[in-house]
Amino acid sequence: MLVNFYTLAESNKYKVDLPSVAQHIKVLASDEFAGRGPLTKGEALTIEYLANEYQKIGLVGGNPNRVGTSPLGHYYQAVPMAQITPDPNIMLKIGDLSLQSGADFTARTEQISEKIELDNTPLVFVGYGINAPEYNWNDYVDVDVKGKTVIVLVNDPGFATQNPDLFTGNAMTYYGRWTYKYEEAARQGAKAVLIVHETAPAAYPWSVVESSNTGSKYTLVDDANNVSKLPIMGWLQLAATEKIFEQSGLSYSALKQQALTKSFSPVTLKQTANLTLKNEISHATSHNVIAKIVGSKYPNEYILAGAHWDHFGTKSTPQGDIIYNGAVDNASGTAGTLEMARILMAKHKVNPFERSILFINFTAEETGLIGSEQFSKGEIIATKDMVALLNIDGMNVLDKVDYILQYGDGLSEMEDYLADATAAQNRRVKLDPRPQNGLFFRSDHFSMAKQGVPSLLFMSLGDTDPDYIAHKYHKAADDYSAAWSLGGVQQDIELMVNITEKLANSRAWPKWKMPSDFKTAREVDLAK
Numbered sequence: 310m311l312v313n314f315y316t317l318a319e320s321n322k323y324k325v326d327l328p329s330v331a332q333h334i335k336v337l338a339s340d341e342f343a344g345r346g347p348l349t350k351g352e353a354l355t356i357e358y359l360a361n362e363y364q365k366i367g368l369v370g371g372n373p374n375r376v377g378t379s380p381l382g383h384y385y386q387a388v389p390m391a392q393i394t395p396d397p398n399i400m401l402k403i404g405d406l407s408l409q410s411g412a413d414f415t416a417r418t419e420q421i422s423e424k425i426e427l428d429n430t431p432l433v434f435v436g437y438g439i440n441a442p443e444y445n446w447n448d449y450v451d452v453d454v455k456g457k458t459v460i461v462l463v464n465d466p467g468f469a470t471q472n473p474d475l476f477t478g479n480a481m482t483y484y485g486r487w488t489y490k491y492e493e494a495a496r497q498g499a500k501a502v503l504i505v506h507e508t509a510p511a512a513y514p515w516s517v518v519e520s521s522n523t524g525s526k527y528t529l530v531d532d533a534n535n536v537s538k539l540p541i542m543g544w545l546q547l548a549a550t551e552k553i554f555e556q557s558g559l560s561y562s563a564l565k566q567q568a569l570t571k572s573f574s575p576v577t578l579k580q581t582a583n584l585t586l587k588n589e590i591s592h593a594t595s596h597n598v599i600a601k602i603v604g605s606k607y608p609n610e611y612i613l614a615g616a617h618w619d620h621f622g623t624k625s626t627p628q629g630d631i632i633y634n635g636a637v638d639n640a641s642g643t644a645g646t647l648e649m650a651r652i653l654m655a656k657h658k659v660n661p662f663e664r665s666i667l668f669i670n671f672t673a674e675e676t677g678l679i680g681s682e683q684f685s686k687g688e689i690i691a692t693k694d695m696v697a698l699l700n701i702d703g704m705n706v707l708d709k710v711d712y713i714l715q716y717g718d719g720l721s722e723m724e725d726y727l728a729d730a731t732a733a734q735n736r737r738v739k740l741d742p743r744p745q746n747g748l749f750f751r752s753d754h755f756s757m758a759k760q761g762v763p764s765l766l767f768m769s770l771g772d773t774d775p776d777y778i779a780h781k782y783h784k785a786a787d788d789y790s791a792a793w794s795l796g797g798v799q800q801d802i803e804l805m806v807n808i809t810e811k812l813a814n815s816r817a818w819p820k821w822k823m824p825s826d827f828k829t830a831r832e833v834d835l836a837k
């Protein structure tokens with residue numbers, strides 16, 4: 310009988326403790342934590358809470374170099390950031406048009422510069438602004454855009470045509486993301502990019518563009534003050550774009566149609582662009598939280614489980630302060646990593662895992678994947694030593710479902726691990742119902758994917774709660790509720806533990822499937 314009680318006690322350690330998960334979410338999403346804004350009192354409370362919890366579970370700090378003087382310093386990674394605040398009254402002049410910031414366009418920079426100017430810079434329309442050798446597509450062929458302002462379309466030709474044989478049809482590729490548009494234009498030497506906003510291909514209205522690209526923004530800072538970054542990153546409202554093309558004697562709609570073919574040639578407009586972007590710049594340091602279970606045979610090979618800890622903090626309004634508690638996004642995911650760590654550590658004590666398992670809670674995801682970008686630089690762990698990453702960005706806090714969402718299709722062998730673990734739960738894999746939104750490219754795992762690390766995204770924002778996106782997502786209403794069943798949380802934690810455990814006792818290195826920059830980066834990295 311004693312043996313049975315002991316066995317029962319041991320097995321209970323491996324079960325998801327939902328009251329504990331609920332308590333973590335409740336604390337992290339409390340008003341005391343003030344919305345977990347980076348560089349606020351909410352950050353200090355959050356990172357200390359997470360480090361303490363990992364330490365209680367028995368995980369060691371993941372940073373060999375202590376940050377600061379805190380006894381928890383080995384659980385932190387410093388993320389140096391610059392806060393760049395542009396003059397809100399800037400004006401963009403194109404020919405005879407004077408465009409208003411916010412209403413007609415947005416412009417910002419990640420360069421550490423107090424003033425950047427467009428002084429009669431030539432204006433070129435380069436279609437989708439894509440250079441994709443694997444698709445035999447190059448919008449920049451036979452055109453020199455060095456020092457120029459380029460206008461580009463959002464998304465990619467596959468979405469516009471819904472042709473499954475063009476790129477990946479309705480499903481957005483990374484070439485459709487606005488981040489890619491800026492990166493490629495910088496490689497081409499452009500001075501500025503203006504992305505034309507249209508709601509359907511962008512997957513959000515102009516109000517989201519305006520709120521996300523005006524006001525203060527954060528960025529990492531390199532040794533050269535980010536001079537390799539695109540000087541000016543902008544968006545154009547559709548109506549303003551149509552006026553610009555009309556003034557040049559061109560039809561925007563006709564040229565947009567021409568841009569759907571490989572034979573499209575860039576078009577130089579008659580006007581030039583003029584803009585003075587003035588910025589206030591300050592510097593500060595935020596923190597990732599890192600904890601690990603040390604592998605018994607291959608301690609320098611890591612399975613990563615991550616979730617961003619940050620949200621939007623507290624915003625002052627004429628009616629008073631509004632706290633954005635971010636209970637689902639992403640206190641739930643952060644609580645998920647703590648519970649995974651508890652279960653896996655209990656198993657490790659009985660049967661040690663051969664590889665190490667590293668838990669990382671990223672800062673500043675909501676302001677541009679900044680914490681994960683810093684981590685992807687490899688100062689703590691080289692990317693060639695990262696076997697795979699499981700990233701949580703909003704869990705299903707409601708009842709159990711008979712499926713798991715898969716973001717991306719045919720990307721990497723991590724999808725096979727997902728399929729096996731899902732089948733073991735008698736569930737099914739359900740492909741992302743909105744592939745045109747490109748969600749795989751919009752969370753922290755993508756910072757590692759760009760470096761070649763195969764990754765899975767676990768996200769349930771709004772999938773089981775039709776009210777969530779409309780009334781809670783990135784709004785003050787995203788609060789903790791004691792009425793949540795957390796059945797979906799239990800399912801998905803069990804599934805992620807299954808995948809992590811399997812990889813931690815394996816010699817396999819999951820591979821990318823389709824040709825891509827990610828696959829190439831991985832092959833180069835592992836060959837080092």
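Read left to right, the sequence shown gives residues 310 to 837 (this note's numbering). Ideal Cβ placement from N, Cα and C applies to all residues, glycine included.
List the residues that DSSP assigns as beta-bridge partners of residue 611. Locating residue 611 in the sequence shown gives position 302, counting from the first residue. According to DSSP, which records beta bridges pairwise, residue 611 is partnered with 665 and 695.
Let me make sure I understand the geometry here. Which of 409, 651 and 476 has the alpha-carbon closest to that of residue 396? The count along the sequence shown starts at 1 and reaches residue 396 at position 87. Among 409, 651 and 476, the Cα nearest to that of residue 396 is on 409.
Assigned exposure category for residue 506 - 16 Cβ within 10 Å defines buried: Taking the first residue of the sequence shown as position 1, residue 506 is located at position 197. Classification for residue 506: buried.
Please determine, among 321, 350, 352 and 358, the residue with the shortest C-alpha to C-alpha distance to residue 332. Counting from 1 along the sequence shown, the entry for residue 332 is found at position 23. Checking every option, the nearest Cα to that of residue 332 belongs to 358.
Compare the C-alpha of residue 330 against each of 706, 821, 671 and 571 and name the closest. Within the sequence shown, the letter at position 21 stands for residue 330. Of the candidates 706, 821, 671 and 571, the one whose C-alpha sits nearest the C-alpha of residue 330 is 706.
Assign residue 417 to one of three DSSP states: helix, strand, or coil. Counting from one through the sequence shown, the residue named residue 417 turns up at place 108. Note: residue 417 maps to strand in three-state DSSP.
Which same chain residues end up closer than 7 Å to residue 540 when comparing Cβ atoms and leaving out the 5 residues on each side of it in sequence? If you number the sequence shown from 1, residue 540 lands on position 231. Same-chain partners within the cutoff: 418, 420, 425, 500 and 501.
Tell me, to the nearest whole angstrom, how far the beta carbon of residue 649 is from that of residue 806; I am working on the premise that it is less than 8 Å. For the purposes of this step, residue 649 is identified with residue 340 of the sequence shown, where counting begins at 1. For the purposes of this step, residue 806 is identified with residue 497 of the sequence shown, where counting begins at 1. Their Cβ separation, rounded to whole angstroms, is 6 Å, which keeps residue 649 and residue 806 in contact under 8 Å.
Assign residue 780 to one of two classes, buried (16 or more other C-beta atoms within 10 Å of its C-beta) or exposed (fewer than that). The residue you call residue 780 lines up with position 471 of the sequence shown. Burial call: exposed.
Just curious, the alpha helix (DSSP H) that residue 424 is in, first and last residue? Walking along the sequence shown from the start, residue 424 turns up at place 115. Not the alpha helix (DSSP H): residue 424 falls in the beta strand (DSSP E), residues 424 to 434.
Look up residue 468 in the DSSP assignment and give the residues it is bridged to. For the purposes of this step, residue 468 is identified with residue 159 of the sequence shown, where counting begins at 1. Beta-bridge pairing links residue 468 to no other residue.
Whole-angstrom Cβ separation of residue 556 and residue 405, contact assumed at under 8 Å? Here the question's residue 556 lines up with position 247 in the sequence shown. Here the question's residue 405 lines up with position 96 in the sequence shown. With a Cβ gap of about 7 Å, residue 556 and residue 405 count as contacting.
Could you tell me the boundaries of the beta strand (DSSP E) in which residue 714 lies? Stepping through the sequence shown from its first residue, residue 714 is reached at position 405. 712 to 715 is the span of the beta strand (DSSP E), which, as asked, contains residue 714.
The segment 651 to 667 contacting the segment 724 to 744, beta-carbon criterion three pairs below 8 Å: no
Residues bridged to residue 801 by DSSP? Against the sequence shown, residue 801 aligns to sequence position 492. BP columns for residue 801 are empty, so no partner.
Output the boundary residues of the beta strand (DSSP E) element that contains residue 580. Reading the sequence shown from its first residue, position 271 is the one you call residue 580. Run containing residue 580: 576 to 602, per the beta strand (DSSP E) assignment.
Out of curiosity, what's the CA-to-CA distance linking residue 525 and residue 771? Here residue 525 is taken as the residue at index 216 of the sequence shown, counted from 1. Here residue 771 is taken as the residue at index 462 of the sequence shown, counted from 1. For residue 525 and residue 771, the distance between alpha carbons rounds to 28 Å.
Leaving out five residues before and five after residue 745 in sequence, what residues of the same chain have Cβ atoms less than 7 Å from its Cβ? For the purposes of this step, residue 745 is identified with residue 436 of the sequence shown, where counting begins at 1. Within the same chain, residue 745 has close Cβ partners 468, 479, 480, 481 and 512.
Grab the span of the beta strand (DSSP E) containing residue 736 for me, first residue to last. Here residue 736 corresponds to residue number 427 of the sequence shown, with the count starting at 1. Careful: residue 736 lies outside any beta strand (DSSP E) and carries neither H nor E.
Element boundaries [beta strand (DSSP E), containing residue 630]: In the sequence shown, the residue the question calls residue 630 occupies position 321. Unbroken beta strand (DSSP E) run through residue 630: 629 to 633.
If we require 3 or more residues per run, which beta strand (DSSP E) segments fall completely within the segment 760 to 797? 764 to 767
Taking 8 Å as the threshold, find out whether the segment 437 to 447 comes into contact with the segment 479 to 498 through three or more Cβ pairs. yes
Using only the alpha-carbon positions, how far apart do residue 821 and residue 477 sit? Reading the sequence shown from its first residue, position 512 is the one you call residue 821. Reading the sequence shown from its first residue, position 168 is the one you call residue 477. Going by the C-alpha atoms only, they are around 16 Å apart.
Measure the beta-carbon distance from residue 463 to residue 504 and round it to whole angstroms, keeping in mind my assumption that it falls under 8 Å. Numbered from its first residue, the sequence shown carries residue 463 at position 154. Numbered from its first residue, the sequence shown carries residue 504 at position 195. Indeed they touch by this definition, with Cβ atoms about 5 Å apart.
Can you list, in chain order, the residues of its chain with a C-beta nearer than 7 Å to that of residue 465? Leave out the 5 residues immediately preceding and following it. Here residue 465 corresponds to residue number 156 of the sequence shown, with the count starting at 1. Excluding positions up to five away in sequence, the list reads 437, 439, 476, 481, 482, 484 and 485.
Between residue 605 and residue 813, what straight-line distance do the alpha-carbon atoms span, to the nearest angstrom? What you label residue 605 is simply residue 296 of the sequence shown in a count that begins at 1. What you label residue 813 is simply residue 504 of the sequence shown in a count that begins at 1. Each residue's Cα considered, the two are about 10 Å apart.
What runs of the alpha helix (DSSP H), each 4 residues or longer, lie entirely inside the segment 463 to 535? 466 to 470, 487 to 496, 508 to 511 and 515 to 522
At the level of alpha carbons, what is the spacing between residue 799 and residue 327? In the sequence shown, counting from the first residue as 1, residue 799 sits at position 490. In the sequence shown, counting from the first residue as 1, residue 327 sits at position 18. Rounded to whole angstroms, residue 799 to residue 327 spans 7 Å at the Cα level.
Can you tell me where the alpha helix (DSSP H) with residue 358 in it begins and where it stops? In the sequence shown, counting from the first residue as 1, residue 358 sits at position 49. 350 to 366 is the span of the alpha helix (DSSP H), which, as asked, contains residue 358.
Starting from residue 571, trace the beta strand (DSSP E) both ways and give me its first and last residue. Sequence index remark: in the sequence shown, residue 571 carries index 262 (1-based). Segment: none, residue 571 is in no beta strand (DSSP E) and carries neither H nor E.
Taking the C-alpha atoms as reference points, what is the distance between residue 510 and residue 714? As a working note, residue 510 is residue 201 in the sequence shown. As a working note, residue 714 is residue 405 in the sequence shown. The alpha-carbon atoms of residue 510 and residue 714 are separated by roughly 22 Å.
Note down the Cα distance separating residue 350 from residue 631, rounded to an integer number of angstroms. In the sequence shown, counting from the first residue as 1, residue 350 sits at position 41. In the sequence shown, counting from the first residue as 1, residue 631 sits at position 322. Taking the straight line joining both Cα atoms gives about 15 Å.
Spell out the partners DSSP gives residue 388 in its beta bridges. Against the sequence shown, residue 388 aligns to sequence position 79. Answer is 595.
How far does the alpha helix (DSSP H) with residue 329 in it reach, from first residue to last? Walking along the sequence shown from the start, residue 329 turns up at place 20. Its alpha helix (DSSP H) spans residues 327 to 337.
Identify, in the order they occur along the chain, each residue of the same chain with its Cβ nearer than 6 Å to the Cβ of residue 423, setting aside the five sequence neighbours on each side. If you number the sequence shown from 1, residue 423 lands on position 114. Taken in chain order, the residues that qualify are 588.
Measure the alpha-carbon distance for residue 647 versus residue 815 and round it to whole angstroms. What you label residue 647 is simply residue 338 of the sequence shown in a count that begins at 1. What you label residue 815 is simply residue 506 of the sequence shown in a count that begins at 1. When rounded, the distance between both Cα atoms is 23 Å.
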